[in-house]
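J.:
Numbering (this note's numbering), first residue to last: 22 to 175.
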């Protein structure tokens, strides 16, 4: 019979002994039997240090909840049941680009739509000239519905 897993701190308890993969700009943290999240290093390192310095409470769900509360931006892998993707679109867009540059298949992850993230990275330009919900952006003149278009006679 294999020995039981006994966590030494709240981080081990929260992850259930699962692995954490570190990349240049982000971490993929797995949670035993619950899925995985990808977190920027600037967010993960302080939260993981905090959780590593705390004793495990004896309640894995409580330890996991306390760790996740300290993460203000992360994306979940499809099928992850512990939390939902959270964070500002700009930070999620930077995380998506970092994951792509490391060769991670971002289709497996629950990012907002690409056009939303691309707009967050480039808010002022290159768009379709349309605002939210496909309506003309503020200041754009809408074509008159009752006036037929004039043919170009040049």
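Where a beta carbon is used, it is the ideal one built from N, C-alpha and C, also for glycine.
#1: Just mark residue 43 as buried or exposed, buried being the case when its beta carbon has 16 or more other beta carbons within 10 Å.
#2: Is it right to say residue 68 is buried, meaning 16 or more other beta carbons lie within 10 angstroms of its own, or is it exposed?
#3: Nearest to residue 32 by CA position, among 82, 100, 47, is which residue?
#4: Under DSSP, the beta strand (DSSP E) around residue 58 begins and ends at which residues?
#5: Looking only at its chain, what residues have a beta carbon closer than 7 Å to the beta carbon of residue 56, apart from the 5 residues adjacent to it on each side?
#6: Go to residue 119, then tell me how far its alpha helix (DSSP H) extends in each direction, as first and last residue.
#7: Using a Cβ-Cβ distance under 7 Å, would residue 27 count as near chain D?
#8: Taking contact to mean at least 3 C-beta pairs separated by less than 8 Å, is the stretch 85-92 in contact with the stretch 114-133?
#9: Going by alpha carbons, who is nearest to residue 48 out of 63, 136, 80?
#10: Residue 61 and residue 112 look like a contact to me (Cβ under 8 Å); what is the Cβ gap, rounded to whole Å?
T.: Straight from the coordinates:
#1: Exposed, since its Cβ has fewer than 16 Cβ neighbours within 10 Å.
#2: So residue 68 ends up on the buried side.
#3: Restricting attention to 82, 100, 47, the CA atom closest to the CA of residue 32 is found in 82.
#4: Run containing residue 58: 56-61, per the beta strand (DSSP E) assignment.
#5: Answer for residue 56: 97, 98, 100, 101, 102, 103, listed in chain order.
#6: Here the alpha helix (DSSP H) through residue 119 covers 110-122.
#7: The structure shown contains no chain D, having only a single protein chain.
#8: With contact defined as three or more Cβ pairs closer than 8 Å, the stretch 85-92 and the stretch 114-133 are not in contact.
#9: Checking every option, the nearest Cα to that of residue 48 belongs to 63.
#10: Under the criterion of beta carbons closer than 8 Å, residue 61 and residue 112 qualify as touching, at roughly 7 Å.
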